[in-house]
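Below is one structure, written out as structure tokens; comments come after it.
There are 2 protein chains.
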Amino acid sequence: MLGTNICRVTASAQPSARTARTRERLLAAALDLFSRNGYDGTTVAQVAAAAGVTEMTFYRHFGSKEALLLEDPYDPLMVAAVGRQPVALPPIVRVVRGVRTAWEQVPIEDAAPVRERVRIAGGSPALRASMHANTRRSQEAIARQLVDDGADAVAAAVASSAVMAALMTALLLWAQGEDADLGAAITGALDVLDVGAGPKG
Amino acid sequence: MLGTNICRVTASAQPSARTARTRERLLAAALDLFSRNGYDGTTVAQVAAAAGVTEMTFYRHFGSKEALLLEDPYDPLMVAAVGRQPVALPPIVRVVRGVRTAWEQVPIEDAAPVRERVRIAGGSPALRASMHANTRRSQEAIARQLVDDGADAVAAAVASSAVMAALMTALLLWAQGEDADLGAAITGALDVLDVGAGPKG
DNA sequence: CGACAAATGTTAGTTCCTAACATTCAGGAT
DNA sequence: ATCCTGAATGTTAGGAACTAACATTTGTCG
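Order-wise, the sequence lines are chains L and Y. The first sequence lines up with residues 1 to 201 when you count with the numbering used here. The second sequence lines up with residues 202 to 402 when you count with the numbering used here.
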């Protein structure tokens, strides 16, 4: 969520140069206005105007006001990392360790742009709620992986939702602070859920 | 969330009989229309009309369309139950066991009306997202309790958010099924997060 | 240049929600 | 019963996030 996508599989067919430019302008204008006037204090019309474009065009590039901030393609890295954990472990432990290993390699230089978005999102209750909706695909994919490996359906759903919530909480806390190392922040936070073994078990 | 409030401290000053009646009519009309046409397929104007009332009146009784379904006063029972768990335990375990004990005594006869609401909420992504926003107060209260007992702030926030997410997942799954025993469903689900000891440790 | 398609604009409408002001209704004092 | 007052409701107007249908521009390629 929130441009925090670890994976680099993004674009399918490359869009025209023109499309990419207006998209960039809209994004820049929105981020600027959001951080200056707040998300709720900024209207789509304002963003569109600042980008020299119509409201309608905004909606054609980003399906919604939220999407501009939260939009992130489904990230298969976490699912894969979970799948790589020993099947013998309890589901919750598998998910914690999978997600943790997937995130602890995030390069520091990727952190700065992410922090701004997460900060903005954290400032609006509506946006914070939407972050959950946004992680749903990953959550379901992880649960599916667990079930495929023989886990109970309820256990799989509960474990993946709990870990994704923890991940979000960690991200929000990290964005509020000044700590540069995103990977470390998340690794540390997820240790809370992995009671069985000490950190990095 | 969703009328699933365990605690019975509800009303402050009693509202006039008239107020209570229109409120009831609105609620009944809404639940009926929601379950027949879906939440997104029902407009506030329709609900108001079905209750023989204006849209404005709807908003005076329920602050928003979502509020009608999600509205639930802050529930101190979970916080108290968490506080009662041994301080020596890791935060995540304390929260899991606290929330679990708070819920496993819910009488079966309370389950039916809850199930309808959770079912409706589960059917709409927007509503599902809002459920998270709705649990935030409880989540923060639990985290505060943990911090008061000496836990790290990040650990407290992560643990409480993870458990609340698990609780919601369990509720949504329970509402979809036919199992009558809400308490048992939640108890079982939360065991997933309590790896340290077997069920009911 | 001319055609074709993608990108953008225009207009109109729906829905959720709010604000300001007017009206009706219920219940107590006279 | 009548009046009076405050609570509950109605009315109107409008903002903001969207959506749909249709018109227009813009870039590109033969």
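Note that the Cβ used here is the ideal one computed from N, Cα and C, for glycine as well.
- Gly-38 of chain L is outside the set of residues whose beta carbon lies under 8 Å from a beta carbon in chain Y.
- Residue-level contact by beta carbon fails for Thr-243 of chain Y and chain L, as no gap is shorter than 8 Å.
- In the three-state reduction of the DSSP assignment, Gln-286 of chain Y falls in the coil class.
- If you look at Ala-303 of chain Y, you'll find it in the alpha helix (DSSP H) that goes 292–304.
- Your pair Tyr-74 of chain L and Ser-138 of chain L checks out as a contact, with CB atoms roughly 6 Å apart and the cut at 8 Å.
- Note on Gln-346 of chain Y: 16 or more other CB atoms within 10 angstroms of its CB, so buried under the neighbour-count rule.
- Around the beta carbon of Glu-267 of chain Y, a 10 Å sphere encloses 16 or more other beta carbons of the protein chains shown; the residue is thus reported as buried.
- A residue is called buried once 16 or more other Cβ atoms fall within 10 Å of its Cβ, and Gln-85 of chain L is buried on that count.
- Counting the other CB atoms within 10 Å of its CB gives Pro-91 of chain L a total of 16 or more, which places it among the buried residues.
- Interface residue (Cβ-Cβ distance to chain Y less than 8 Å): Ser-130 of chain L is classified as such.
- Residue environment for Asn-134 of chain L: buried (at least 16 other C-beta atoms within 10 angstroms of its C-beta).
- A Cβ-Cβ separation of about 7 Å places Gly-150 of chain L in contact with Val-87 of chain L under the 8 Å criterion.
- In this structure the stretch 312–324 of chain Y touches the stretch 234–242 of chain Y; the number of beta carbon pairs closer than 8 Å is three or more.
- Short of 6 Å from the beta carbon of Arg-301 of chain Y, and not among the five residues preceding or following it, lie these beta carbons of its own chain, in chain order: Thr-388, Leu-391.
- DSSP places Glu-267 of chain Y inside the alpha helix (DSSP H), whose first and last residues are 266–271.
- When the Cα atoms are used, Met-365 of chain Y and Arg-18 of chain L turn out to be separated by approximately 45 Å.
- Of all alpha-carbon atoms in L:Ala-153, L:Gly-177, L:Cys-7, the one lying nearest the alpha-carbon of Val-79 of chain L is that of L:Cys-7.
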